[in-house]
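What follows is one structure encoded as structure tokens, with my remarks underneath.
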Amino acid sequence: MGNDVRGPGSGVRGPDNRESVLADLREQLLLDQDFGLEFLDPQAVLPTSRGRSHSPEPTPEPPPIIVPARPRTPDPGPRTGGDPPPSPLPASELTSIAAQVAACRACGLCQTRTNTVPGEGNPAAELVFVGEGPGADEDVQGRPFVGAAGELLTAMIQAMGFRREDVYIANVVKCRPPGNRTPESGEVAACLPYLNRQLLAIRPKIIVALGNTPLRALTGDDKLGITAQRGKMLDWRGIPLLPTFHPAYLLRNPPAKKPCWEDLKAVVKFLGRELPKRGG
Ligand code: SF4
3 MGNDVRGPGS
13 GVRGPDNRES
23 VLADLREQLL
33 LDQDFGLEFL
43 DPQAVLPTSR
53 GRSHSPEPTP
63 EPPPIIVPAR
73 PRTPDPGPRT
83 GGDPPPSPLP
93 ASELTSIAAQ
103 VAACRACGLC
113 QTRTNTVPGE
123 GNPAAELVFV
133 GEGPGADEDV
143 QGRPFVGAAG
153 ELLTAMIQAM
163 GFRREDVYIA
173 NVVKCRPPGN
183 RTPESGEVAA
193 CLPYLNRQLL
203 AIRPKIIVAL
213 GNTPLRALTG
223 DDKLGITAQR
233 GKMLDWRGIP
243 LLPTFHPAYL
253 LRNPPAKKPC
263 WEDLKAVVKF
273 LGRELPKRGG
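Written as structure tokens, this is what we have:
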């Protein structure tokens, strides 16, 4: 799904394309800086005039992402603003859901999982991210979004002015589909009640759906596609739902970071917050 990889590094590039390739890559690096990924200096790596850097050819592959680890402090903290009151005991409800997920055998994914991945974060979060399902790293650690895509998601959250522990992160299915395949409809149907209960317990101000699977699961419309729906303010039981691209897709398709970042900036604006000043 979504294999529209532009593949700027594939094929033979003539000299006429070199400047445009460099311009594209510089834009990606600047966008990475917006995401807080300041491991490369675009000016140093990509000369604006013709000439070679230390690398014989520009390599449009996304560079390794380095995000400083932050200690997890699951402190619910007080809610602010005039939002609807949260469930009386969202933390205990989330703990209860996690325990039920750990024992769940409602679909075939239980047979191949190492750990269940119920979700984690602030029980009083105003912002919830929903992905598709655990991957290999998540399956091993029992935590959502801890692989390469998770590092990018963490950087995106920080670029929005949040700490990862300020938000809540969950998936549609709580057990890893073998080979990271897309969960089947029966698996989604079996697992979705857990996510629904999590969202009802947290009652965030806004939900961000990352990719097709959470978009379709939360809207109940299997015909929707993320490319057409991203950036639109939809609704989940009275809570705004904004779909955007999954971080794993962004890793495969760096140009998609730009529209995704526009979506996330709209979320920040919706929440009445300001983007943090670009540092360094
Ligand atoms: S994916 Fe969900 S429904 Fe299936 S076994 Fe895991 S927790 Fe249960």
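Numbering-wise, the working numbering comes out as the position in the sequence shown, counting from 1, plus 2.
The beta carbon of each residue, even a glycine, is placed where N, CA and C say it ideally should be.
- Secondary structure note for Leu266: it is in no beta strand (DSSP E), and the uninterrupted alpha helix (DSSP H) holding it is 259-272.
- Its chain contains Glu189 as the residues whose beta carbon lies nearer than 8 Å to that of Gly110, once the 5 sequence neighbours on both sides are disregarded; these appear in chain order.
- In this chain, Ala101 is not harboured by any beta strand (DSSP E); it is covered by the alpha helix (DSSP H) spanning 92-104.
- In chain order, the residues positioned with their C-beta nearer than 6 Å to some heavy atom of the ligand SF4 are Val103, Cys106, Arg107, Ala108, Cys109, Leu111, Cys112, Thr118, Val175, Lys176, Cys177, Glu189, Ala192, Cys193.
- Separation of Leu220 and Ile208 (C-alpha to C-alpha, rounded to the nearest whole angstrom) is 13 Å.
- Looking only at Pro249, Ala126, Glu134, Ala127, the smallest Cα-Cα distance to Val119 is reached by Glu134.
- Beta-bridge partners assigned by DSSP to Gly123: Tyr170.
- Ala203: member of the alpha helix (DSSP H) spanning 187-204, first to last residue.
- Around the Cβ of Pro125, a 10 Å sphere holds 16 or more other Cβ atoms; the residue is buried.
- For the pair Tyr170 and Leu129, the CB atoms are nearer than the 9 Å cut-off.
- Fewer than three pairs of CB atoms, one per stretch, sit closer than 8 Å, so the stretch 136-143 makes no contact with the stretch 159-170.
- Boundaries of the alpha helix (DSSP H) around Thr221: 214-221.
- C-alpha of His248 to C-alpha of Leu212: approximately 4 Å in a straight line.
- Non-local C-beta neighbours of Val270 in its own chain, meaning closer than 7 Å and more than five positions away in sequence, comprise Met162, Gly163, Leu277, ordered along the chain.
- For the 9 Å CB-CB criterion, Val174 and Val132 form a contact.
- Contact between the stretch 239-258 and the stretch 152-162 is present: 3 or more CB-CB pairs across the two stretches fall below 8 Å.
- Around the CB of Thr229, fewer than 16 other CB atoms lie within 10 Å, so the residue is classed as exposed.
- Under the three-state reduction of DSSP output, Gly133 falls in the strand class.
- Just measuring C-alpha positions, the residue of Asp223, Lys279, Ile204, Asp139 sitting nearest Pro92 is Ile204.
- Burial of Ala127 is indicated by the presence of at least 16 other C-beta atoms within 10 angstroms of its C-beta.
- DSSP places Pro245 within a strand segment (E or B) once states are collapsed to three.
- Taking the Cα of Leu273 as reference, the smallest distance to any Cα among Cys177, Lys225, Met235, Ala105 is reached at Met235.
- Exclusion of the five residues before and after Asp224 leaves Arg218 as the residues of its chain whose Cβ lies within less than 7 Å of its Cβ.
- The secondary-structure analysis by DSSP pairs Asp237 across a beta bridge with Pro242.
- A Cβ-Cβ distance of about 11 Å is found for the pair Gly137 and Arg183, leaving them out of contact under the 8 Å criterion.
- For Pro185, same chain residues with a beta-carbon under 6 Å away, outside a window of 5 residues either side, are Gly135, Val175, Pro179 in chain order.
- For the pair Ala192 and Thr97, the Cα-to-Cα distance works out to about 19 Å.
- Counted as a single uninterrupted DSSP element, the alpha helix (DSSP H) harbouring Glu153 occupies residues 150-161.
- For Ala100, the CB contacts under 7 Å within the same chain, skipping 5 residues up- and downstream, are Pro120 in chain order.
- Rounded to the nearest whole angstrom, the C-alpha separation of Gly240 and Thr114 is 36 Å.
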